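Below: the structure, in structure tokens.
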Amino acid sequence: MRYLLAALTFAAVLYGNVSAQAEKRIFIIANNPDGYGVDRCLATGASCGAPIATAYCRSRDFSQAASFRKVDREEVAGTIPAKNASCPGGSCDEFVAIECSR
133 MRYLLAALTF AAVLYGNVSA QAEKRIFIIA NNPDGYGVDR CLATGASCGA
183 PIATAYCRSR DFSQAASFRK VDREEVAGTI PAKNASCPGG SCDEFVAIEC
233 SR
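For the sequence shown, the working numbering assigns the number 133 to the initial residue and increments by one for each residue that follows.
This is the structure:
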């Protein structure tokens, strides 16, 4: 009886750890003004950005957006030029991080 209880406890702990570690990935995307206000919804974290972020995640084979927010250039290491770098047309893109989960 003790072995059965130990096995069930072990299985419950193992299952709990596996399900708690859902796959997540953060995507950094340009937040270009589009004329529809989508850029403001994503950058401010407003509720209107949730369907947009979820649609983005689904287009990348994830089930939902766990979070989304504006990111500063300094937060992204090595892939985005610094603010003092010259920007084409005199304006630099802003960026949004969307965290997707399966």
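Idealized CB from N, CA, C, for every residue including glycine. Here the structure is a predicted model, which means the values were calculated and not measured.
Beta-carbon gap between A154 and R234 smaller than 7 Å: By 1-based counting over the sequence shown, the position of residue 154 is 22. By 1-based counting over the sequence shown, the position of residue 234 is 102. For A154 and R234, yes; Cβs fall inside 7 Å.
The ligand GTP heavy atom lying under 6 Å from the CB of A178: The ligand GTP is not part of the structure shown, which contains no ligands of any sort.
Contact belief for A132 with F200 at Cβ below 8 Å, rounded distance in angstroms: Outside the modelled stretch of the chain, which goes from 133 to 234, sits residue 132, for which no answer is possible.
CB contact below 7 Å: C189 versus chain B: Among the protein chains of the structure shown there is no chain B, as only one such chain exists.
C-alpha gap between I158 and C232, whole angstroms: By one-based count along the sequence shown, residue 158 stands at place 26. By one-based count along the sequence shown, residue 232 stands at place 100. Their Cα atoms are separated by approximately 6 Å.
Counted within 10 angstroms of its Cβ, other Cβ atoms place N164 as buried (16 or more) or exposed: Position 32 of the sequence shown, counted from the first residue, corresponds to residue 164. With fewer than 16 Cβ atoms within 10 Å of its Cβ, N164 is classed as exposed.
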